[in-house]
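Have a look at the structure below before the remarks.
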Amino acid sequence: MVLPNHYPHWNLPNLLVAGKLRAFEQVESIAMQLPIFQTLDLSLEGHVATVSLNRPDKANSMSAPMWPELRHCFEWLDEERSVRAVILAGNGKHFCAGLDLAMFGNLQEEVEPGRASEQLRRTVLRLQGSLTAIERCRKPVLAAIHHTCIGGGVDMICCADMRYATADAFFSIREIDLGMTADVGTLQRLPKLIPDGIVRELAYTGRKMTAEEAREVGLVNRVYSDKNEMVSEVSALAQQIAEKSPLAVRGSKEMLVYARDHSVAEGLNYIATWNAGMLSEADLKAGLEAQLEKRLANYDD
């Protein structure tokens with residue numbers, strides 16, 4: 003077990019020698035305590051965390067409190083060493099019905115137009131940052147999507163590493179029907195995931211894309227018959243990822259996100275520099291020995 007960073011002077015041998023086992027157990031409890039959120043349900047099973055949008059009575063629409071909570075949650079997951087993979091899901095009948103329309107009344111206050119516009123811009127940047135925290139999380143994020151995924155929900159899943167859907171799931175860039183241009187990430191990330199022409203069609207019309215079409219164009223990896231099957235299969239995949247070297251997985255995500263936004267030459271230079279400094283001899287040895295002995299390797303967090 004890894005002790006919290008804020009207890010650097012405590013270590014297990016000293017605690018045992020001093021007979022302070024009870025104090026050690028208290029530290030362990032502190033280390034494993036999960037943050038509590040108003041709009042999110044966070045759980046941890048082994049090395050796999052599950053973040054569930056938790057406004058089922060509102061179709062998991064994204065209310066004002068959900069945005070900063072998403073940022074705080076994924077920043078915590080990024081820092082928590084015991085977490086190696088994350089599942090992003092939704093409680094209730096829908097994955098996410100997009101932005102809670104009640105937020106529109108709070109975007110601008112009655113102030114001078116120039117200052118109001120600056121406030122709105124800063125608000126949009128904050129909302130973007132809340133979803134970018136999902137992409138910046140060093141742990142792979144697997145989105146498990148059922149039924150409704152529209153507007154801000156599409157923005158959200160575009161930040162995930164992989165996406166999986168139930169057969170009844172559908173996707174829609176619904177902002178166009180509200181008379182606005184989607185501004186929290188869909189139009190920037192989705193063209194990196196599916197053909198440009200399909201993105202434009204979705205953005206200009208607001209039409210629904212079915213789960214099967216989403217699979218055909220590459221937005222989702224697989225489609226499952228129902229939510230139970232999807233959760234079971236995605237959990238198994240997340241567990242498989244969690245069995246790998248955490249440092250190697252984090253490095254792979256870093257390289258893939260970097261390669262998306264840079265040239266091949268820049269990406270090759272970055273991975274050479276990364277491995278020159280980040281390649282773990284301990285993990286490499288553990289992986290080679292496990293391969294020779296035909297067993298799973300054990301890696302430190």
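Just so you know, we're using the numbering used here here: the sequence shown kicks off at 3 and counts up by one. Glycine is no exception: its CB is placed at the ideal position from the N, C-alpha and C atoms.
Under the three-state DSSP convention, the category residue i falls into
| i | result |
| --- | --- |
| V305 | Outside the modelled stretch of the chain, which goes from 3 to 303, sits residue 305, for which no answer is possible. |
| G322 | The requested residue 322 is not part of the displayed model; the chain covers only 3 to 303. |
| L281 | coil |
| I152 | strand |
| A240 | helix |
| S174 | strand |
| Y166 | strand |
| G100 | coil |
| I38 | coil |
| S254 | helix |
| S63 | coil |
| V50 | strand |
| L129 | helix |
| D263 | helix |
Local Cβ density within 10 Å of residue i, reported as buried at 16 or more and exposed below that
| i | result |
| --- | --- |
| K194 | exposed |
| N277 | exposed |
| E82 | buried |
| T188 | buried |
| T41 | buried |
| L204 | buried |
| H96 | buried |
| L281 | exposed |
| L221 | buried |
| L239 | buried |
| G155 | buried |
| E225 | A quick correction: the sequence has Val, not Glu, at residue 225. Buried, because 16 or more other Cβ atoms sit within 10 Å of the Cβ of V225. |
| A213 | buried |
| A267 | exposed |
| A184 | buried |
Contacting residues, own chain, Cβ-Cβ under 6 Å from residue i (five flanking each side not counted)
| i | result |
| --- | --- |
| V143 | V88, L90, I136, A162, D163 |
| L72 | S132 |
| D157 | L133, V186, G187, T188 |
| A261 | G269 |
| M68 | T41 |
| A51 | L79, V85, V88 |
Cut-off 7 Å between Cβ atoms - residues of its own chain near residue i, not counting five sequence neighbours on either side
| i | result |
| --- | --- |
| P70 | S132 |
| N223 | M164, R165, Y166 |
| K229 | H148, T168 |
| A292 | L298, A299 |
| V236 | I89, L144, A146, Y166 |
| V259 | E137 |
| V219 | I196, P197, I200 |
| C160 | G187, T188, R191, L192, L195 |
| K255 | R140, P142, D163 |
Nearest to residue i (by Cα), restricted to the options the options
| i | options | result |
| --- | --- | --- |
| S227 | G199, T168, I178, L249 | T168 |
| W78 | G116, T52, P37 | P37 |
| S65 | S247, F39, S265, S84 | F39 |
| R1 | C151, N271, M280 | Residue 1 is absent from the structure shown; the chain starts at 3 and stops at 303. |
| R176 | V233, G94, M211 | M211 |
| F106 | L72, V219, G116, S63 | S63 |
| C75 | E215, V53, I178 | V53 |
| E245 | D43, S45, V233, H49 | H49 |
| C98 | N56, S119, G116 | N56 |
| I243 | A184, L46, R86, R191 | R86 |
| D43 | P115, S84, G92 | G92 |
| G181 | G153, F173, D170 | G153 |
| A171 | S282, M232, A184 | M232 |
| R217 | Y301, A51, F173 | F173 |
| A274 | Y301, H264, A51, M257 | M257 |
| D302 | S84, P58, A51 | S84 |
| P58 | G94, Q35, L46 | G94 |
Contact set for residue i: own chain, Cβ-Cβ below 8 Å, skip 5 residues either direction
| i | result |
| --- | --- |
| G279 | none |
| T207 | I178 |
| K60 | A99, D102 |
| V113 | Q121 |
Residue-chain proximity (residue i, chain B), Cβ-Cβ < 8 Å
| i | result |
| --- | --- |
| S119 | Absent from the structure: chain B. Only one protein chain is present. |
Cβ contact (3+ pairs, closer than 8 Å) linking the region 188-204 and the region 121-128:
no
Does the region 247-255 touch the region 271-288, meaning 3 or more C-beta pairs lie closer than 8 Å?
yes
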